[in-house]
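For the sequence shown, UniProt numbering gives the first residue as 1, with consecutive numbering after it. Cβ coordinates follow ideal geometry from the N, Cα and C atoms, glycine included. Bear in mind the structure is a predicted one, so any value in this text is a computation, not a measurement. A quick write-up on the structure given underneath.
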Amino acid sequence: MPSTKNVVVVGHGMVGHRFVEALRARDEAGTWQVTVVAEEADAAYDRVGLTAYTEHWDRTLLALPGNDYAGDDRVTLKLGSPVTAIDRDARTVTTADGATIGYDALVLATGSYAFVPPVPGRDLPACHVYRTLDDLDAIRADAVRARETGRTPVGVVIGGGLLGLEAANALRGFGLDAHVVERSPRLMAQQLDEAGGALLGRMITELGITVHTDVGTESIRPAQRNRPLKRSAEDDSMRVALSDGSFIDAAVVIFAAGVRPRDELARDAGLELAERGGVLTDLSCATRDPAIFAIGEVAAIEGRCYGLVGPGYTSAEVVADRLLGGAAEFPEADLSTKLKLLGVDVASFGDAMGRTPKSLEVVVNDAVNQTYAKLVLSDDAKTLLGGILVGDASAYGVLRPMVGEELPGDPMALIAPAGSEGGAGQLGVGALPPAAQICSCNNVTKGDISGAIAGGCCDVAGLKACTKAGTSCGSCVPLLKQLLEAEGVEQSKALCEHFSQSRSELFEIVSATSIRTFTGLIERFGTGKGCDICKPTVASILASTSSDHILDGEQASLQDSNDHFLANIQKNGSYSVVPRVPGGDITPEHLILIGEIARDFGLYTKITGGQRIDMFGARVDQLPDIWRRLVEGGMESGQAYGKSLRTVKSCVGSDWCRYGQQDSVQMAINLELRYRGLRSPHKIKMGVSGCARECAEARGKDVGVIATETGWNLYVGGNGGMTPKHAQLLAGDLDDETLVRYIDRFLMFYIRTADRLQRTAPWVDALDGGMDHLREVVCEDSLGLAAEFEDAVARHVDGYACEWKGVLEDPDKLSRFVSFVNAPDVPDPTVEFTENGGRKVPVSIGMPTIKPMQETT
Numbered sequence: 001m002p003s004t005k006n007v008v009v010v011g012h013g014m015v016g017h018r019f020v021e022a023l024r025a026r027d028e029a030g031t032w033q034v035t036v037v038a039e040e041a042d043a044a045y046d047r048v049g050l051t052a053y054t055e056h057w058d059r060t061l062l063a064l065p066g067n068d069y070a071g072d073d074r075v076t077l078k079l080g081s082p083v084t085a086i087d088r089d090a091r092t093v094t095t096a097d098g099a100t101i102g103y104d105a106l107v108l109a110t111g112s113y114a115f116v117p118p119v120p121g122r123d124l125p126a127c128h129v130y131r132t133l134d135d136l137d138a139i140r141a142d143a144v145r146a147r148e149t150g151r152t153p154v155g156v157v158i159g160g161g162l163l164g165l166e167a168a169n170a171l172r173g174f175g176l177d178a179h180v181v182e183r184s185p186r187l188m189a190q191q192l193d194e195a196g197g198a199l200l201g202r203m204i205t206e207l208g209i210t211v212h213t214d215v216g217t218e219s220i221r222p223a224q225r226n227r228p229l230k231r232s233a234e235d236d237s238m239r240v241a242l243s244d245g246s247f248i249d250a251a252v253v254i255f256a257a258g259v260r261p262r263d264e265l266a267r268d269a270g271l272e273l274a275e276r277g278g279v280l281t282d283l284s285c286a287t288r289d290p291a292i293f294a295i296g297e298v299a300a301i302e303g304r305c306y307g308l309v310g311p312g313y314t315s316a317e318v319v320a321d322r323l324l325g326g327a328a329e330f331p332e333a334d335l336s337t338k339l340k341l342l343g344v345d346v347a348s349f350g351d352a353m354g355r356t357p358k359s360l361e362v363v364v365n366d367a368v369n370q371t372y373a374k375l376v377l378s379d380d381a382k383t384l385l386g387g388i389l390v391g392d393a394s395a396y397g398v399l400r401p402m403v404g405e406e407l408p409g410d411p412m413a414l415i416a417p418a419g420s421e422g423g424a425g426q427l428g429v430g431a432l433p434p435a436a437q438i439c440s441c442n443n444v445t446k447g448d449i450s451g452a453i454a455g456g457c458c459d460v461a462g463l464k465a466c467t468k469a470g471t472s473c474g475s476c477v478p479l480l481k482q483l484l485e486a487e488g489v490e491q492s493k494a495l496c497e498h499f500s501q502s503r504s505e506l507f508e509i510v511s512a513t514s515i516r517t518f519t520g521l522i523e524r525f526g527t528g529k530g531c532d533i534c535k536p537t538v539a540s541i542l543a544s545t546s547s548d549h550i551l552d553g554e555q556a557s558l559q560d561s562n563d564h565f566l567a568n569i570q571k572n573g574s575y576s577v578v579p580r581v582p583g584g585d586i587t588p589e590h591l592i593l594i595g596e597i598a599r600d601f602g603l604y605t606k607i608t609g610g611q612r613i614d615m616f617g618a619r620v621d622q623l624p625d626i627w628r629r630l631v632e633g634g635m636e637s638g639q640a641y642g643k644s645l646r647t648v649k650s651c652v653g654s655d656w657c658r659y660g661q662q663d664s665v666q667m668a669i670n671l672e673l674r675y676r677g678l679r680s681p682h683k684i685k686m687g688v689s690g691c692a693r694e695c696a697e698a699r700g701k702d703v704g705v706i707a708t709e710t711g712w713n714l715y716v717g718g719n720g721g722m723t724p725k726h727a728q729l730l731a732g733d734l735d736d737e738t739l740v741r742y743i744d745r746f747l748m749f750y751i752r753t754a755d756r757l758q759r760t761a762p763w764v765d766a767l768d769g770g771m772d773h774l775r776e777v778v779c780e781d782s783l784g785l786a787a788e789f790e791d792a793v794a795r796h797v798d799g800y801a802c803e804w805k806g807v808l809e810d811p812d813k814l815s816r817f818v819s820f821v822n823a824p825d826v827p828d829p830t831v832e833f834t835e836n837g838g839r840k841v842p843v844s845i846g847m848p849t850i851k852p853m854q855e856t857t
């Protein structure tokens, strides 16, 4: 039996970790002992999802699974100790702490560093790069310091690529007015063409980020000449001079102008580098020194570096195979990208720029709906070569695997708007050939997936384990589900990877046990720490089964951003305030109170389609003061932020209308007060019309009530939104008491059995037996649960309390309503309004005045 060999991995990023996983999974004989030496103090984390760190500031949530190699005695991990030298003759590396480690094989996974162009002033204290967790901590610290001035400061990002736009979003989240400066004529110039980049630029601008394209950065200099010894927010102000003669006064500057390979170790060791940097390798990822390999962003494979994680993972797999005697080679890299930037879908794949000779382009540019789609085709218009999608990337999952394949139909139909007959959304995975690549990160084809399904894989988790598809960026997971369905495999109802139960099963577990915390539930019935799917779902279930305040104890950490602050966050970072107006019935005193508050806090007011008055533009630290006045004035939370009852819309009914057959206003008030605060899988809207003329549009609601001569007709399962659907008649000519009983039963049946984020319309459609079954359950009590459903609603009614009133009475809950936890006295950005066609619209304040340089002194 051969003796154990030692492989040293320099760098512990995503690709370095992937190499270790691949080698250990394949090395059944235990041939290799692995030593990982890393510069950062953090073990491998999801650098692609770096911006998510700004949402929770918890480093553990970005940690890659198994990154500490606990229990694996064949892997040694040394963090915070970078390699300083390579001795190729002795086959050793030396670390910063003076240690010497021998190797039989050396894998360079040092990645890249953020490129900072030689701009004068780039080394000022408030200038940063956007590359590591430590970088984000430093940016946040400077953002907090800048906010101490009491004004809304400005942050400038130099670079309008993927990372630059993420950095701009982070600055916006810190409460800064964000500017993006891009030397190219468009944003994301490497991924998008002129038209796609122009649309993205318009959409980003509408989100409150100022975009400067086709302009460079000339210099950065302190805005003040005489700087005191003690650093303050005022001292850090800078003037960013642009090549067109304009300038931006900024508090924070972030360089996101690209990356360069970390090849200094290789250079010092005498390894050959590529012309444009990077460690030169062949297709086996080996250097000219047969004992040294390079993977990831530092590797220049046949002279080319790849800055995406997918090709990096492929190189890691190639080297793992080679060390175990294989003959794997690096294939043609898939440079496709799909992401959501500031809520905007962007995707490019294949030959997106149409560089193939004689290639053709098919384009749909919908300026009204803000979508852009382009397909690049072969000269005979039969083969898909690549494409670009902006605004709506729903077709990406089907189109990307078709690259290099003959199209199954009319190219124009493939990028037709959503809902069009024959579009890519209707095409499905069945049209994909076996060779189509489903997972580009791990080079998994449709044929591989189909083979795994034929071999017994019956769920997404099984396919992940068997093929590695979906284990990296996760963008192909929806296709895995579609492939399982296409093969006739019944799908698991598991909520997520942490709970094998469905939402309805978890509801029953919570109802039947005394478990009242997420921690208790996952310890007993789940695995791991949870995710952004199961945490808010369990929070909703806990809220639906008790009258506890949603911000009590552990519950608070489970909520999404809206429930976390009991207000809807708006696109400019401010919040809305929506008091309840049951049935649209409001007193003059409450109208005056809303007007006074809106005036005193400078809020924008809007009468909504749900017959309420919304106030927009509140800072997070202003919310308690606003709600204290509303609660003292007798108003309560309208819960516009929650997955719960929103409104019950009514007409004027028999009190005022000559056609009114029943008192629709009072019925709407009664229903809204009964079901207010009732948490559910998705939001619920109701309407009550006093006659068949339907002025309250009740049939467009989840629950619609329409008066008749002898009572009420009850309609259920109507939804607006992207897929409008009329409600269907459940029962007719009901008296008041029966109507309420039926609504109780309908709502509780829905709350108990619907999937997460499933509205009533698709829930009704998915019921086995549809409306007939629903009518049997609600009206005929076929399940024998009617009394239980009604009791559950009665308990909710008895335990209801205004959530904002509960916050105002609890100092611990009030403490969360600050702009920054570590700087509670620093205010959140405010909003000013400008006139647009005679009405007020929000604009960010503190925007710098751009003036020509020659006009300044």
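Identity of the residue in the options nearest residue i by Cα
i	options	result
residue 437	332, 524, 57 and 462	332
residue 109	285, 31 and 432	285
residue 487	450, 514, 513 and 501	450
residue 241	256, 216 and 257	216
residue 16	43, 3 and 29	43
residue 98	89, 105 and 85	85
residue 299	719, 111 and 463	111
residue 859	36, 739 and 697	The requested residue 859 is not part of the displayed model; the chain covers only 1 to 857.
Limits of the beta strand (DSSP E) - the one that residue i falls within
i	result
residue 261	259–261
residue 108	105–108
residue 32	32–37
residue 17	No beta strand (DSSP E) contains residue 17, which is instead part of the alpha helix (DSSP H) from 14–26.
Helix, strand or coil at residue i according to DSSP, with G and I counted as helix
i	result
residue 857	Because the pLDDT of residue 857 is 26, which lies under 50, any placement of that residue in the model is unreliable, and the number read from its coordinates should be weighed accordingly. Of the three classes helix, strand and coil, the one that applies to residue 857 here is coil, per DSSP.
residue 418	No answer about residue 418 holds up, because its pLDDT of 49 lies below 50 and its placement is not dependable.
residue 817	coil
residue 588	helix
residue 365	strand
residue 396	helix
residue 621	helix
residue 647	strand
residue 566	coil
residue 682	coil
residue 828	Bear in mind that the predicted position of residue 828 carries a pLDDT of just 48, short of 50, making it unreliable; the figure below should be weighed with that in mind. If DSSP states are grouped into helix, strand and coil, residue 828 belongs with coil.
residue 481	helix
residue 355	coil
residue 664	helix
Residue environment, residue i, which counts as buried when at least 16 other CB atoms sit within 10 Å
i	result
residue 543	buried
residue 65	exposed
residue 232	Its pLDDT being 48, under 50, residue 232 is placed unreliably by the model, and nothing is read from it.
residue 679	buried
residue 722	Because the pLDDT of residue 722 is 49, which lies under 50, any placement of that residue in the model is unreliable, and the question is left without a value.
residue 56	exposed
residue 13	buried
residue 659	exposed
residue 169	buried
Contact test: residue i Cβ vs the ligand FAD heavy atom, cutoff 8 Å
i	result
residue 372	Looking for the ligand FAD in the displayed structure turns up nothing, as the structure carries no ligands at all.
Delimiting residues of the alpha helix (DSSP H) encompassing residue i
i	result
residue 557	555–558
residue 374	Unbroken run through residue 374 is the beta strand (DSSP E), 371–377; no alpha helix (DSSP H).
residue 773	770–779
residue 797	786–799
residue 166	162–173
residue 539	534–544
Review point. At which residue ranges does the stretch 228–314 contain complete beta strand (DSSP E) runs of 3 or more residues, listed in the order of the chain?
Key: 238–242, 247–250, 252–255, 259–261, 279–281, 292–294 and 299–301, all fully within the stretch 228–314.
Practice item. Scan the stretch 433–469 and note each continuous alpha helix (DSSP H) run of 4 residues or more that stays entirely inside, going in chain order. Key: Those alpha helix (DSSP H) runs which fall completely within the stretch 433–469 and span 4+ residues are 446–454 and 460–467.
Review point. What are the complete alpha helix (DSSP H) segments, minimum 4 residues, inside the stretch 106–150?
Key: Counting whole runs of 4 or more residues, the stretch 106–150 contains the alpha helix (DSSP H) stretches 133–147.
Check your understanding: Mind pulling the beta strand (DSSP E) runs of 3 or more residues that sit fully within the stretch 34–98?
Key -> Correct list: 75–78, 83–87 and 92–95.
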